[in-house]
Each structure stands twice: as structure tokens, then as C-alpha cells.
Amino acid sequence: MNKSSINNYFHSLFDIKEEVVGKITETFSHFELKANEVVLHKDEISTKTYFLEKGYVRSFILNEDNEEITTNIYVAPCFVNDFLSFFRQQSAKETYQTITACSFWETGLENVQHNFHNIPEFREFSRLLFVLNYYSIHDRLIEMASQKASTRYFNLMKKHPDIFQHVPLKVIASYLGIKDSSLSRIRRDIHKM
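Numbering (full-length UniProt numbering), first residue to last: 1 to 193.
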């Protein structure tokens, strides 16, 4: 399989030599999942980290009313994982499920640890990836606390306009922290403008 998408992802984040990326990704293996398949179950310990090459994945929890609450929507290309579960080998707190058919590359903790200790560029990449993930989570927390649902909707449209063609509106509404009916009203109001 051609690893150009994962190689391009490394290069998009920082300046790194092609042969170094080749060493980092040499143990990555490819697999595919259909829509609505679970990548990682809640309470499972993550033994792999996943690079999402194509498709859409969501993470979700169940609230006290046993309703699914989407905590994140992953849009390829990106890494998808419960990183705390992966690095600390503890139970995942969310379920990770494909929304569409997806193409992945995966590697195990042993390989990641080996790369981290032996490839300085991988340490730099890992730090950068953690900072970007922290920023994304922090930004989402502030958005959820400070912005109206319609503003969050517009921001999502600007950031990922294609998401509305591939992700069910129920999942998007949950991600935005609103009910389906509220999302329908926001969309209806926009079309009236």
C-alpha cells in the first residue's frame, strides 16, 4: 500500500526528511472499516494508534439518559485515538466509531515508544501533535461555553464544509451540543437569509 497520505501529513506539520518519515511509518499497517464499525470500545485499552487516511470517525459517550453524545468528529487526514488510554494503558472513556467507510494506518505502542526514544524528529512530531490536540480540545471547550449554537454551526461549516455531506445531522447536532430540532431550525433560518 502507498503511504503517501501519512507521509504528507507528517510533512504538513513540520519540516522532516522523507527517509525519517519512512523509518517512522515502516511498521504501520493498512486496514479498512465499513461505516458504523467500532475502532475502539469504551472501557477497552487502546493498544494501537490510528492514522485516518480517508473517511470520518466520531468519538462518543453515553449520558445518564443512555443517549449518545458525540464528543469529537475526526476528518481525514488525522490521528484518531484515546491517547491517554494508549500511552497509559488504561481503559478508554469514549467509543470511537466510523461514520463512513474509512481507510486507516495503524501501529502499536511498542513501535511508537521505539520511535520516540530513537528518532528525535518523531519526538518533535509527537510534541507538536499533543499541542495541536490540546489546542483543539481547549478551543472546543471555550466555543461550547461562550458561543451560541448558530455560531458553532457557522464555525463548523467554515472549517469543514464537506462534513454536512458525509456525517448524519443527528451526529452533527450532538457534536454541537444541541437537539436535532434545533439544528433543523438553524439550517432553516440560514436558508431564509
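Positions of the beta carbon are idealized from the N, C-alpha and C atoms, including for glycine.
When you compare only the Cα positions, how much space is there between residue i and residue j?
i      : j      : result
Cys102 : Leu33  : 5 Å
Thr27  : Arg187 : 45 Å
Gln147 : Ser181 : 18 Å
Ser41  : Val167 : Ser is not the amino acid found at residue 41; the sequence shown has His there. Taking the straight line joining both Cα atoms gives about 20 Å.
Tyr56  : Arg185 : 25 Å
His138 : Ala145 : 11 Å
Ile190 : Lys54  : 30 Å
Glu143 : Lys158 : 14 Å
Lys192 : Phe10  : 42 Å
Val131 : Phe125 : 10 Å
Asn111 : Tyr74  : 23 Å
Trp105 : Ala92  : 20 Å
Phe51  : Glu68  : 24 Å
Tyr175 : Arg152 : 10 Å
Val80  : Ser5   : 15 Å
Asn66  : Lys23  : 44 Å
If you follow the beta strand (DSSP E) that residue i is in, where does it begin and where does it stop?
i     : result
Phe14 : Counting along the chain, Phe14 falls outside any beta strand (DSSP E), and DSSP gives it neither H nor E.
So is residue i buried or exposed if we call it buried at 16+ other beta carbons inside 10 Å?
i           : result
Gln89       : exposed
Ala173      : buried
Asn115      : buried
Thr98       : buried
Phe31       : exposed
Phe60       : buried
Arg58       : buried
Thr47       : exposed
Phe14       : exposed
residue 205 : Outside the modelled stretch of the chain, which goes from 1 to 193, sits residue 205, for which no answer is possible.
Specify the secondary structure class of residue i as computed by DSSP and reduced to three states.
i           : result
Asn81       : coil
Gln97       : strand
His30       : strand
Gln165      : helix
Lys148      : coil
Lys159      : helix
residue 208 : Look at the range of the chain in this structure, 1 to 193, and you will see that residue 208 is not part of it.
Where do the ends of the alpha helix (DSSP H) carrying residue i lie?
i      : result
Asn111 : Leu109 to Asn118
Val171 : Leu169 to Leu176
Asp189 : Asp180 to Lys192
With DSSP as the reference, please indicate the residues paired to residue i in a beta bridge.
i      : result
Ile69  : Ile61
Glu106 : Ser29 and Tyr50
Ile137 : Note: Ile137 sits in no beta bridge, so no partner.
Ser91  : Ile45
Tyr74  : Val57
Val38  : Gln97
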